[in-house]
Amino acid sequence: MFSHQSIHPGSSRACLILPDGDTLELNAATNRRLSPDTNSGFLSIADGTVTCSYLINNTNPINTVNTIVIPRGGEYNITLSDGSRVWLNANTRMHFPTSFSSDSRIVELDGEAYFEIAKDPQRQFIVKTSISDIKVYGTEFNVRSYTRDHSQQVTLLSGSIAVEYDDSTYMLSPGQQARITRGSDQMRTLDVDPDTYCSWVNGLFVFENRPLHEILSQLSDWYDTDFIYTDTSLRHLHFTGDLERYSDFSEILSLIEMTTSVQFTIMGQTVKVSPRK
């Protein structure tokens, strides 16, 4: 039996850092309208979503930059001032302007996010990560780029995007994924099922022959818990399965135990990973 009273799935919560440094804690019940800069726009916060809007008479917006920080055990949504929508996963940080300039749309990401970009032929949308620039006009795609992981995955659902890396530009088509390891000479492109990598937005973890350390890293972020290995070779075991993102923590662990040679022991907010006896 697992003891997991203090371990729960993530929920809608975040921290919004405004341009003046003020911080606002967000959750699904937060309901506020903010006007951090009358020359830029305003932020509305309701129902677990931050919405950025232009002021009606705003012809020359000033790019005041906000930062939204999603903690472990959190998720949050943003609707940007151009109408683009962004779903932010746990343990993620994104810098974004209250209003975009007249010639560009740029955000900076450290973590994982799913983007639905509003079409605007006059202004390219750019997602900057610590590894690459991702350029697009209107499309749907997922970016997983945690600085801690030293790697990046960009998965395209629809439209087309350009990934700029190491002075080269790579174009992706729907159903393709770009994989980059920091410091490597080139980017790899693969044909994938994009739903596998974007399933978290719809409340699922879908893993296809993924290493255990990648799976437990995602569970660690979502359930705000830590995993320790009694044998480091266990990190490289593989697992395939679909897991409900909002399931009881013990159910998730039991499903993994059923098909891999590991056993889990919960100790407060830490889980010990051992060979199955």
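One gets this note's numbering by counting positions in the sequence shown from 1 and adding 3 to each.
Where a beta carbon is used, it is the ideal one built from N, C-alpha and C, also for glycine.
All values derive from a computational prediction rather than experimental measurement.
request  = From the DSSP output, in three-state form, read off ILE269 for me.
outcome  = strand
task = Please state whether DSSP places PRO22 in a helix, a strand or coil.
result = coil
key: First through last residue of the alpha helix (DSSP H) which encompasses SER9   = Note, SER9: premise wrong, no alpha helix (DSSP H); not H, not E.
message = To the nearest angstrom, how far is the alpha carbon of ARG96 from that of ILE129?
response = 16 Å
query = What three-state label does DSSP hand TYR200 in the structure shown?
reply = helix
ask   = The alpha helix (DSSP H) with GLN127 in it runs from where to where?
value = Taken as a continuous stretch (DSSP letters only), GLN127 belongs to no alpha helix (DSSP H), as it is neither H nor E.
query = Taking C-beta to C-beta, are PRO74 and ASN94 nearer than 9 Å?
reply = yes
request  = Grab me the residues of SER171's own chain with a C-beta within less than 6 Å of its C-beta, minus the 5 sequence neighbours each way, in chain order.
outcome  = none
ask   = At which residues does the alpha helix (DSSP H) containing MET190 begin and terminate?
value = No alpha helix (DSSP H) contains MET190, which DSSP labels as neither H nor E.
request  = Pull up the CB-CB distance for VAL146 and LEU112, whole angstroms please, since I reckon it's below 8 Å.
outcome  = 6 Å
Minimum C-alpha distance to GLY244 - residue among CYS55, LEU207 and LYS275 = LEU207
ask   = Going by other Cβ atoms of all chains shown within 10 Å of its Cβ, with 16 needed for buried, is ILE81 buried or exposed?
value = buried
query = Of the choices VAL89, ASP85 and GLY76, whose alpha-carbon is the least far from that of THR52?
reply = VAL89
inquiry  = Taking its Cβ as the centre, do 16 or more other Cβ atoms sit within 10 Å of ASN212, making it buried, or is it exposed?
reply    = exposed
ask   = Rounded to a whole number of angstroms, what is the C-alpha to C-alpha distance between MET4 and ILE164?
value = With a pLDDT of 41 at MET4, under the threshold of 50, the predicted position of this residue should be treated as unreliable, though the coordinate-derived value follows. The straight-line gap from Cα to Cα measures roughly 47 Å.
task = Assign ILE71 to one of three DSSP states: helix, strand, or coil.
result = strand
key: Reference ASP194; option with closest CA among PRO177, VAL209, CYS201 and LEU240   = PRO177
task = Give the straight-line distance between the Cα atoms of SER6 and MET270, rounded to the nearest whole angstrom.
result = Residue confidence for SER6 is low, a pLDDT of 49 falling below 50, so the modelled location carries little weight; the figure read from the coordinates is stated next. Distance between the alpha carbons of SER6 and MET270 is about 8 Å.
key: TYR79 versus SER154 - alpha carbon distance   = 23 Å
request  = Please classify TYR79: does DSSP put it in a helix, a strand, or coil?
outcome  = strand
ask   = Based on Cα-Cα distance, which residue from LEU19, ARG151 and ASP123 lies nearest to THR132?
value = ARG151
request  = Sort out for me which residues DSSP pairs LEU215 with in a bridge.
outcome  = According to DSSP, which records beta bridges pairwise, LEU215 is partnered with nothing at all.
query = Run through DSSP, which three-state label would THR33 get?
reply = coil
inquiry  = Going by C-alpha to C-alpha distance, which of ASN205, TYR173 and GLU143 sits closest to ARG191?
reply    = TYR173
ask   = Apart from the five residues on each side of it in sequence, which residues of its chain come closer than 6 Å, Cβ to Cβ, to LEU219?
value = PHE230
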